[in-house]
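Right, one structure below, let's go through it.
Number of protein chains: 2
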Amino acid sequence: VELLQGIATTRAIRRFSSAPIPEQDLNRILFAASRAPSGTNRQPYRFVVLRDGPTPQAAKDLLAESFAEAWATKSAEEGYEEATPMSPRGRLGSAIQHLIDHFREVPVVVLVCTTPRHHSLIDGASVYPACQNLLLAARGLGYGGVLTGWHLAVERELKSLCGIPDDVVIAATIPLGVPKGSHGPLRRRPLRELVFEGQWGTSAPWAEDPQGTRFTA
Amino acid sequence: VELLQGIATTRAIRRFSSAPIPEQDLNRILFAASRAPSGTNRQPYRFVVLRDGPTPQAAKDLLAESFAEAWATKSAEEGYEEATPMSPRGRLGSAIQHLIDHFREVPVVVLVCTTPRHHSLIDGASVYPACQNLLLAARGLGYGGVLTGWHLAVERELKSLCGIPDDVVIAATIPLGVPKGSHGPLRRRPLRELVFEGQWGTSAPWAEDPQGTRFTA
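Chains W and Z supply the protein sequences, listed in that same order. Following the numbering used here, the numbering of the first sequence begins with 113 at its first residue and continues without gaps. Following the numbering used here, the numbering of the second sequence begins with 113 at its first residue and continues without gaps.
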């Protein structure tokens, strides 16, 4: 997969086949993750890889329950339940529901952890680039995943279960596996809404989406 | 450039030639950035692209001054000044000094902005993946850059200068240009230190760096 093409076609994958990820590929995915930049190259990120065994299974169970509860509230509040099934929103809702229903069987769940320094947004600059590298590398090897923050509701319990130290926080929960269905073009806002030239609010005439780009509603 | 190869060879670039970035390439770089995931696909990130003209130049001047001040303190405190010139630390220090000395002439500086929702680390999950896409796409097109947080000391002034609204924060300042010198393999911690299997602290026997990987000290 070519770099820019890979970036343009890495979408959130929430439906996985039961196929495992061979350790050789996991290794390549995490190596790619670890190439990400971080402040002063400190690399304050650590990856806890949950596969089989009692602790990983208990962690997946805990996350599945937490996801289910959070989604019950969110889907009602934000109108996912009433969305037309084949609309983008309807399909997103159904993909999320699928992920929740099958979370316990997801082949690999990576807890991306970090030791924050500033306890603010900027700490993310030293961990989320690694998450994106991880997702892109997974795409490059035929896998897929999705960056979630749904551990937040059970972070304390999850940390205790997995022996994660007090001063470490979980920055992301990333399920990974072989996609059912395919990667492909994404839906985003028009680039004109996102890019300003010289100052806030001044649109950049050169910021144009390639022909055929699909947009969010 | 192949996706995994591109990820493995995108290093922080701090020395730029005076060559500009054509708008067509800037467009492709920012399009790639905008393919990144964000919570509920909200895309709370905006890119303020600083090139020529009075406001961008004033913004670059302000950042250059702020970088210079912050670096004077940091390089003394963290022993960069005493580092052997050709050691990794010595070379990093000299690259940073070069960036500061030439920051006013950097062809493109992107202020990556975001509207935070949680005012914590997790907000970063919706903006730093876009920063990493941006850096990777730049690499793919023959450019380079570095993710910095050095706007922090002058964020208020910079926001006022660029008309950035109060509820928006600057998440990253990314200089971009044609690298002097080349991309190439990175120095990182051994993967064994970063990857745990099943629970914190349990090393993953399959987590191995490819032969020839270079490590941080």
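Cβ coordinates follow ideal geometry from the N, Cα and C atoms, glycine included. Keep in mind it's a predicted model, so treat the numbers as computed, not measured.
With burial defined as no fewer than 16 other Cβ atoms inside 10 Å of the residue's Cβ, what is the status of Phe-327/W: buried or exposed? Taking the first sequence and counting its residues from 1, the one referred to as residue 327/W is at position 215. Exposed is the call here.
CB-CB under 8 angstroms to Arg-251/Z, same chain, minus the five flanking residues each way: which ones, in chain order? Within the second sequence, residue 251/Z is the residue found at index 139, counting from 1. So the qualifying residues of the chain are Val-113, Gly-118, Thr-121, Thr-122 and His-295.
Please go through the segment 242–284 of chain Z and give each complete alpha helix (DSSP H) segment of 4 or more residues, from N-terminal end onward. Correct list: 267–274.
Taking the alpha helix (DSSP H) that Ala-167/W belongs to, which residues open and close that run? Working through the first sequence from its first residue, we reach residue 167/W at position 55. For the record, residue 167/W in the displayed sequence is Thr; it is not Ala. If you look at Thr-167/W, you'll find it in the alpha helix (DSSP H) that goes 166–189.
In chain Z, which residues lie with their C-beta within 7 angstroms of the C-beta of Asp-173/W? In the first sequence, counting from the first residue as 1, residue 173/W sits at position 61. For the C-beta of Asp-173/W, not a single chain Z residue is nearer than 7 angstroms; the gap to the nearest is close to 14 angstroms.
Taking 8 angstroms as the threshold (beta carbon to beta carbon), is Ala-179/Z in contact with chain W? Numbered from its first residue, the second sequence carries residue 179/Z at position 67. For the sequence presented, residue 179/Z should be read as Phe rather than Ala. Between Phe-179/Z and chain W, the shortest Cβ-Cβ separation is not below 8 angstroms.
Got a sec, what are the start and stop residues for the alpha helix (DSSP H) Phe-143/W sits in? Along the first sequence, one-based indexing puts residue 143/W at 31. Run containing Phe-143/W: 135–146, per the alpha helix (DSSP H) assignment.
How is the alpha helix (DSSP H) around Leu-384/Z delimited, first residue to last? The question about residue 384/Z has no answer here: the residues shown for chain Z are numbered 113 through 329.
Closer than 8 angstroms to chain W by CB, Tyr-192/Z: Here the question's residue 192/Z lines up with position 80 in the second sequence. So, not an interface residue.
From the beta carbon of Phe-215/Z, is the nearest beta carbon of chain W less than 8 angstroms away? For the purposes of this step, residue 215/Z is taken as residue 103 along the second sequence, with counting starting at 1. No, its Cβ sits nowhere closer than 8 angstroms to a Cβ of chain W.
Assuming Ser-187/W and Glu-193/W form a contact by the criterion Cβ under 8 angstroms, report the distance between their Cβ atoms to the nearest whole angstrom. In the first sequence, counting from the first residue as 1, residue 187/W sits at position 75. In the first sequence, counting from the first residue as 1, residue 193/W sits at position 81. Correct: roughly 5 angstroms between the Cβ atoms.
Give the interface partners of Phe-308/W over in chain Z, defined as CB-CB distance under 8 angstroms, in chain order. The residue given as residue 308/W occupies position 196 in the first sequence. Within chain Z, the residues near Phe-308/W are Arg-158, Phe-159, Val-160 and Val-161.
Run through DSSP, which three-state label would Arg-326/Z get? As a first step, residue 326/Z must be located in the second sequence, where it is residue number 214. The answer is strand: DSSP assigns Arg-326/Z an E or B state.
In the DSSP output, what is Ile-286/W paired with across the bridge? By one-based count along the first sequence, residue 286/W stands at place 174. According to DSSP, Ile-286/W bridges with Val-222/W.
Bridge partners of Ser-315/W, per DSSP? Here residue 315/W is taken as the residue at index 203 of the first sequence, counted from 1. For Ser-315/W, the beta-bridge partners assigned by DSSP are Phe-308/W.
Could you tell me which residues DSSP puts in a beta bridge with Glu-114/W? For the purposes of this step, residue 114/W is taken as residue 2 along the first sequence, with counting starting at 1. Residue pairing from DSSP places Glu-114/W in a beta bridge opposite Glu-114/Z.
Tell me the rounded alpha-carbon separation between Phe-308/W and Arg-158/Z. Reading the first sequence from its first residue, position 196 is the one you call residue 308/W. Reading the second sequence from its first residue, position 46 is the one you call residue 158/Z. So the two alpha carbons sit approximately 8 angstroms from each other.
Alpha-carbon to alpha-carbon, Ala-176/W and Ser-272/W: The residue labelled residue 272/W in the question sits at position 160 within the first sequence. The residue labelled residue 176/W in the question sits at position 64 within the first sequence. One Cα belongs to Ser-272/W, the other to Ala-176/W, and the distance between them is close to 17 angstroms.
Beta-carbon gap between Thr-285/Z and Leu-223/Z smaller than 8 angstroms: One-based indexing of the second sequence puts residue 285/Z at position 173. One-based indexing of the second sequence puts residue 223/Z at position 111. It is a contact, given that the beta carbons lie within the stated cut-off.
Residues that Thr-328/Z contacts on chain W, provided the C-beta gap is smaller than 7 angstroms: What you label residue 328/Z is simply residue 216 of the second sequence in a count that begins at 1. Correct list: Asn-153.
With a 10 Å radius around its C-beta and 16 neighbouring C-beta atoms as the bar for buried, classify Gly-261/Z as buried or exposed. Along the second sequence, one-based indexing puts residue 261/Z at 149. Around the beta carbon of Gly-261/Z, 16 or more other beta carbons lie within 10 angstroms, which makes this residue buried.
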